[in-house]
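Engineer: Chains as they are written, first to last, in our numbering: chain A, 4 to 459; chain B, 4 to 459.
Every residue, glycine too, gets a C-beta built ideally from N, C-alpha and C.
Please read all numbers here as calculations on a predicted model, not as lab measurements.
A single structure is presented below for examination.
Protein chains: 2
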Amino acid sequence: MEKLNNFIEENKGRFVEELFGLLRIPSVSSKNEHKADMHKAAEYIKKSLLDAGAKTAEILPTDGHPVVYAEKIIDPSLPVVMVYGHYDVQPVEPVELWKSPPFEPEIRDERIWGRGADDDKGQLFMHVKAFEFMVKNGSLPCNVKFMIEGEEEIGSPSLGKFCEENAGKLKCDVILVSDTSMIGRDVPSITTGLRGLSYVEVEVTGPNRDLHSGLYGGAVVNPVNVLAKMIASLTDENNRITISGFYDDVVGVSQEERQAMGKAPFDIEKYKKEIDVDELGGEAGYSTMERTGIRPSLDVNGIWGGYTGEGAKTILPSKAFAKISMRLVPDQNSKKIDELFISHFKSIAPPGVRVDVRVLHGGEGYVSPVDHSAYRAASKAYEDTFGKKPVPFRSGGSIPIISLFEKVLGVKSILMGFGLESDAIHSPNENYPLWNFYKGIETIPLFYDYYSKEME
Amino acid sequence: MEKLNNFIEENKGRFVEELFGLLRIPSVSSKNEHKADMHKAAEYIKKSLLDAGAKTAEILPTDGHPVVYAEKIIDPSLPVVMVYGHYDVQPVEPVELWKSPPFEPEIRDERIWGRGADDDKGQLFMHVKAFEFMVKNGSLPCNVKFMIEGEEEIGSPSLGKFCEENAGKLKCDVILVSDTSMIGRDVPSITTGLRGLSYVEVEVTGPNRDLHSGLYGGAVVNPVNVLAKMIASLTDENNRITISGFYDDVVGVSQEERQAMGKAPFDIEKYKKEIDVDELGGEAGYSTMERTGIRPSLDVNGIWGGYTGEGAKTILPSKAFAKISMRLVPDQNSKKIDELFISHFKSIAPPGVRVDVRVLHGGEGYVSPVDHSAYRAASKAYEDTFGKKPVPFRSGGSIPIISLFEKVLGVKSILMGFGLESDAIHSPNENYPLWNFYKGIETIPLFYDYYSKEME
Numbered sequence: 004m005e006k007l008n009n010f011i012e013e014n015k016g017r018f019v020e021e022l023f024g025l026l027r028i029p030s031v032s033s034k035n036e037h038k039a040d041m042h043k044a045a046e047y048i049k050k051s052l053l054d055a056g057a058k059t060a061e062i063l064p065t066d067g068h069p070v071v072y073a074e075k076i077i078d079p080s081l082p083v084v085m086v087y088g089h090y091d092v093q094p095v096e097p098v099e100l101w102k103s104p105p106f107e108p109e110i111r112d113e114r115i116w117g118r119g120a121d122d123d124k125g126q127l128f129m130h131v132k133a134f135e136f137m138v139k140n141g142s143l144p145c146n147v148k149f150m151i152e153g154e155e156e157i158g159s160p161s162l163g164k165f166c167e168e169n170a171g172k173l174k175c176d177v178i179l180v181s182d183t184s185m186i187g188r189d190v191p192s193i194t195t196g197l198r199g200l201s202y203v204e205v206e207v208t209g210p211n212r213d214l215h216s217g218l219y220g221g222a223v224v225n226p227v228n229v230l231a232k233m234i235a236s237l238t239d240e241n242n243r244i245t246i247s248g249f250y251d252d253v254v255g256v257s258q259e260e261r262q263a264m265g266k267a268p269f270d271i272e273k274y275k276k277e278i279d280v281d282e283l284g285g286e287a288g289y290s291t292m293e294r295t296g297i298r299p300s301l302d303v304n305g306i307w308g309g310y311t312g313e314g315a316k317t318i319l320p321s322k323a324f325a326k327i328s329m330r331l332v333p334d335q336n337s338k339k340i341d342e343l344f345i346s347h348f349k350s351i352a353p354p355g356v357r358v359d360v361r362v363l364h365g366g367e368g369y370v371s372p373v374d375h376s377a378y379r380a381a382s383k384a385y386e387d388t389f390g391k392k393p394v395p396f397r398s399g400g401s402i403p404i405i406s407l408f409e410k411v412l413g414v415k416s417i418l419m420g421f422g423l424e425s426d427a428i429h430s431p432n433e434n435y436p437l438w439n440f441y442k443g444i445e446t447i448p449l450f451y452d453y454y455s456k457e458m459e
Numbered sequence: 004m005e006k007l008n009n010f011i012e013e014n015k016g017r018f019v020e021e022l023f024g025l026l027r028i029p030s031v032s033s034k035n036e037h038k039a040d041m042h043k044a045a046e047y048i049k050k051s052l053l054d055a056g057a058k059t060a061e062i063l064p065t066d067g068h069p070v071v072y073a074e075k076i077i078d079p080s081l082p083v084v085m086v087y088g089h090y091d092v093q094p095v096e097p098v099e100l101w102k103s104p105p106f107e108p109e110i111r112d113e114r115i116w117g118r119g120a121d122d123d124k125g126q127l128f129m130h131v132k133a134f135e136f137m138v139k140n141g142s143l144p145c146n147v148k149f150m151i152e153g154e155e156e157i158g159s160p161s162l163g164k165f166c167e168e169n170a171g172k173l174k175c176d177v178i179l180v181s182d183t184s185m186i187g188r189d190v191p192s193i194t195t196g197l198r199g200l201s202y203v204e205v206e207v208t209g210p211n212r213d214l215h216s217g218l219y220g221g222a223v224v225n226p227v228n229v230l231a232k233m234i235a236s237l238t239d240e241n242n243r244i245t246i247s248g249f250y251d252d253v254v255g256v257s258q259e260e261r262q263a264m265g266k267a268p269f270d271i272e273k274y275k276k277e278i279d280v281d282e283l284g285g286e287a288g289y290s291t292m293e294r295t296g297i298r299p300s301l302d303v304n305g306i307w308g309g310y311t312g313e314g315a316k317t318i319l320p321s322k323a324f325a326k327i328s329m330r331l332v333p334d335q336n337s338k339k340i341d342e343l344f345i346s347h348f349k350s351i352a353p354p355g356v357r358v359d360v361r362v363l364h365g366g367e368g369y370v371s372p373v374d375h376s377a378y379r380a381a382s383k384a385y386e387d388t389f390g391k392k393p394v395p396f397r398s399g400g401s402i403p404i405i406s407l408f409e410k411v412l413g414v415k416s417i418l419m420g421f422g423l424e425s426d427a428i429h430s431p432n433e434n435y436p437l438w439n440f441y442k443g444i445e446t447i448p449l450f451y452d453y454y455s456k457e458m459e
């Protein structure tokens, strides 16, 4: 422990410099214009892993952006931990709201600012540095593999096939992931549940061109007004989703479980203040934590149509669009939900418009058991470094690939995330506190120790 | 008549060239970046009027874009016709849908293509050329004034004050306007009614930044979902506007008047085909022509919020916006409707969001009597050049300043529009058929003749 702390203390500056190199690469997976950047980021990770002590590292093609794979096998009879992470990041729009340019990382107020600072370049880099320590210190207690992909932010469309085709190479006993948040800096937590995702784009077409809203207004069906009515009707007055069959496969959570979850520390006033809202909302009959943890939700992620520039333009628009996503809980299946959505949405279109729905992205939810050896190991590691036992916690986010790992590789994942809600991932001014970055590097080697002991 | 036709035939090419010079100036009144272009367009009009034979022409400042004023007084005892028009144009977005650049006019298929080709540069220019003919031919039968403004497309915010301050100079017996459409090329018509307008922009604010839609989705009120619900609730299942008090001042139209209006030629299948929709919509209990002519309407002109780029971004947006306009009929007052809208819209905002409403633009409706001397003169002029009596017709559009002229100057306006619905005004690919352009130049001098005789 002292060696580890000394190592961190002595190398702090270098760790940040190395991470900055990665953060400077605008590896936005959803945009074609960044294709070359994806390769640059993959190369950067590969080199970082070799420098840290990986025996081999390679960039493996997929149907989309490549996967960086590396390993260090010290003894085939020992267990294998596989670290999963991703080098791709979310888009940065609206870029004018960033206080410093998203791909020019800097330190302010003891935080690293930049796109990917937390999600997931910063968290991923903790594993690279923890690994470097264990190798240099000669204390690596088991075998390690790294699988770092470039398509997490677009739903990992290629990774399922990649895992199937490389199942032998990817064989492991547990998958270790840092891509989630803690409840708070003082409330260490381990994510035991994730929601699934069904993400669609809808297009409503009215007349064949933008019309003069005076000459035609009142007589021609307006696709923006229609889209508003269609979206409005997707949730009822209790904020339940109205799509027929939507809740059919939702696994209920027992009253005891709900009571146990209700004991997790949660300061609702602080939560509201942090995002500056007077009131929260959501499905009637559930608490805030339950609404994100155990219940599905439906959000419009973006909407556009007609004239959106300065001043007034008197048109009746030809088209309206929205990006709509649904977060899913076990045992909802994202493909089934896609289909329910499409058929429902088309069925509610009124005469006078045509409707098109495109599925953009999806994946399944996940629940991880707290009696798993890796959970116990992670719990002990946090207890050592945070001085208190971590809370098991169901996050509202989605890492669709996690449920796929279980299905394809037959392995559970353990979600040791060190982020905070204030890290503003997916938002302008994403950041990652240095404290969390170093605390992650300190906690990870302890996980390896405890896990190896659990597996003896 | 023969002299007039010869004049047009001999000068066709020059007329188009001169109009092109005006069309090349991007005088978009709603955008600050075009401020210099507004002055350029005003100068162009001033010079055109002097060249055509105006005794004096000047560019007069207003609180906004300037007014071009010109006159030719031949005998103070004769009546005064004042031509009103505007040199400003609508924005051109979405510019990628234009087949030729909006400010590079060209002739294709016997039409002039470009922003303003019809509305209103093309129609305004017919008056300049008809005036030129009457002056050169020595046949001008009365006095003429021109008042050409630069803010019609943004609701003429400065012209009311301008008219009040220049009431003496603007004294006239009738105002002549070509800024409307005919029912069809074979169905000449004179617009006898216009709708008023109330145009607002709404802003719904939820959390202080875009949030991760997984971590927060289901618990935090989403401003886009809220805006959709608010817009949806503005009209009921019969497409009646739900704003309390909205219909209070709507003047009903008698069954006889509705029957007379129903006799105006209107081919609903052609109308639907032209805009490529299967069905029309609108307020229950009214025909298509009634829905635009005698009933108010509410349209979203534009909507935006959240992520609207390529691919999927999983955010719960901080803000959502919409531009919403209501077309009004006599005796609705736009300022009263603005206030009803604001108080209604704020009242329906749910907890968890803040709502702001900004009034962008507005004006009152207008009804012009068919027993007015100027209407009779216009009717005879059309009958001579089109070979048939024009149909009186209530347009759904708005020229807010027309009702203001009546209020401030005490003068009726006569709306001799030569446009067609297919001219796509306010849309990409605005155009104006050469046939209509020349037909207008041919008809206008006849109006002056008949009107002067009516006034003897």
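In chain order, what residues of the segment 400–426 of chain A put their CB closer than 8 Å to some CB of chain B?
Structural biologist: Cβ contacts with chain B: 400, 401, 424.
Engineer: What in chain B is Cβ-close to residue 518 of chain A, meaning under 7 Å?
Structural biologist: In the structure as shown, chain A begins at 4 and stops at 459. Residue 518 of chain A is therefore absent and cannot be evaluated.
Engineer: Counting only runs that start and end within the segment 324–382 of chain A, where is the beta strand (DSSP E) found for 3 or more residues in a row?
Structural biologist: 357–366
Engineer: Which same chain residues end up closer than 8 Å to residue 442 of chain B when comparing Cβ atoms and leaving out the 5 residues on each side of it in sequence?
Structural biologist: 388, 389, 421
Engineer: Can you name the residues of chain B whose CB is closer than 8 Å to the CB of residue 437 of chain A?
Structural biologist: The contacting residues do not exist; residue 437 of chain A stays about 22 Å from chain B at best.
Engineer: Using a Cβ cut-off of 7 Å, which residues of the segment 191–212 of chain B contact any Cβ in chain A, in chain order?
Structural biologist: 198, 202, 209, 210, 211, 212
Engineer: Can you give me the C-alpha to C-alpha distance between residue 30 of chain A and residue 384 of chain A, rounded to a whole angstrom?
Structural biologist: 32 Å
Engineer: What do you reckon, are the CB atoms on residue 123 of chain A and residue 88 of chain A nearer than 8 Å?
Structural biologist: yes
Engineer: At the level of alpha carbons, what is the spacing between residue 75 of chain A and residue 59 of chain A?
Structural biologist: 7 Å
Engineer: Could you check where the alpha helix (DSSP H) with residue 101 of chain B kicks off and where it finishes?
Structural biologist: No alpha helix (DSSP H) holds residue 101 of chain B; DSSP gives it neither H nor E.
Engineer: So the candidates are A/291, A/309, A/359, A/234; which of them puts its Cα closest to the Cα of residue 345 of chain A?
Structural biologist: A/359
Engineer: Is there a C-beta anywhere in chain B that falls below 8 Å from the one on residue 294 of chain A?
Structural biologist: Taking Cβ atoms only, chain B reaches closer than 8 Å to residue 294 of chain A, which makes this a yes.
Engineer: Who does residue 309 of chain B pair with in a DSSP beta bridge?
Structural biologist: A/305
Engineer: Name, going along the chain, the residues of the segment 324–345 of chain B whose beta-carbon falls closer than 8 Å to a beta-carbon of chain A.
Structural biologist: 324, 325, 326, 328, 330
Engineer: Please go through the same chain and pick out, in chain order, the residues whose beta-carbon is closer than 6 Å to the beta-carbon of residue 42 of chain A, but skip the five residues on each side of it.
Structural biologist: none
Engineer: Per DSSP, which residues does residue 225 of chain A bridge with? Please list them.
Structural biologist: Paired residues: none, contrary to the question.
Engineer: Where do the N-terminal and C-terminal ends of the alpha helix (DSSP H) with residue 53 of chain B fall, by residue?
Structural biologist: 38–55
Engineer: Name, please, each residue of chain B whose Cβ falls closer than 9 Å to the Cβ of residue 162 of chain A.
Structural biologist: Neighbours of residue 162 of chain A on chain B: none; closest Cβ ~16 Å, over 9 Å.
Engineer: Taking the DSSP output, what are the residues bridged to residue 417 of chain A?
Structural biologist: In the DSSP secondary-structure assignment, residue 417 of chain A is bridged to A/179.
Engineer: If you check the beta carbons only, do residue 309 of chain A and residue 230 of chain A fall under 8 Å apart?
Structural biologist: no
Engineer: Using 8 Å as the threshold, is the C-beta distance between residue 146 of chain A and residue 86 of chain A below it?
Structural biologist: No, the pair does not count as a contact, with Cβ atoms beyond the cut-off.
Engineer: Can you list, in chain order, the residues of its chain whose CB lies under 7 Å from that of residue 165 of chain A, leaving out five sequence neighbours each side?
Structural biologist: 65, 70
Engineer: Return no unless some Cβ of chain B is closer than 8 Å to the Cβ of residue 245 of chain A.
Structural biologist: no
Engineer: Reducing DSSP to helix, strand and coil, say where residue 212 of chain B ends up.
Structural biologist: coil
Engineer: Under the three-state reduction of DSSP, which class applies to residue 245 of chain B: helix, strand or coil?
Structural biologist: coil
Engineer: At 4 residues or longer, and completely inside the segment 133–175 of chain A: list those alpha helix (DSSP H) runs for me, N to C.
Structural biologist: The qualifying runs are 162–168.
Engineer: State the CB to CB distance for the pair residue 267 of chain B and residue 394 of chain B, rounded to an integer number of angstroms; the pair is presumed to be in contact (CB under 8 Å).
Structural biologist: 5 Å
Engineer: Taking one C-beta from the segment 361–373 of chain A and one from the segment 179–197 of chain A each time, how about it: are there three or more such pairs within less than 8 Å?
Structural biologist: By the Cβ criterion, the segment 361–373 of chain A is in contact with the segment 179–197 of chain A, since at least three pairs of Cβ atoms, one from each stretch, lie closer than 8 Å.
Engineer: Please tell me whether residue 375 of chain A has its Cβ less than 8 Å away from any Cβ of chain B.
Structural biologist: For residue 375 of chain A, the answer is no, since every Cβ of chain B falls outside 8 Å of its Cβ.
Engineer: Please identify, using Cβ separations under 7 Å, the residues of the segment 258–283 of chain A that lie next to chain B, in order along the chain.
Structural biologist: Closer than 7 Å at the C-beta level to chain B, one finds these residues of the segment 258–283 of chain A: 278, 279, 280, 281, 282, 283.
Engineer: Applying the criterion that 16 or more other CB atoms from any shown protein chain within 10 Å of the CB defines a buried residue, is residue 519 of chain A buried or exposed?
Structural biologist: Residue 519 of chain A is absent from the model: chain A starts at 4 and stops at 459.
Engineer: Where do the ends of the alpha helix (DSSP H) carrying residue 294 of chain A lie?
Structural biologist: Looking at the DSSP string, the run of the alpha helix (DSSP H) that includes residue 294 of chain A is 291–296.
Engineer: Taking all protein chains shown into account, decide if residue 181 of chain B is buried (16 or more other Cβ within 10 angstroms of its Cβ) or exposed.
Structural biologist: buried
Engineer: Can you name the residues that DSSP bridges to residue 315 of chain A?
Structural biologist: Paired residue(s): none; residue 315 of chain A is not in a bridge.
Engineer: If the criterion is Cβ atoms closer than 8 Å, does the pair residue 306 of chain A and residue 216 of chain A meet it?
Structural biologist: no
Engineer: How would you call residue 262 of chain A, buried or exposed, if buried means at least 16 neighbouring beta carbons within 10 angstroms?
Structural biologist: exposed
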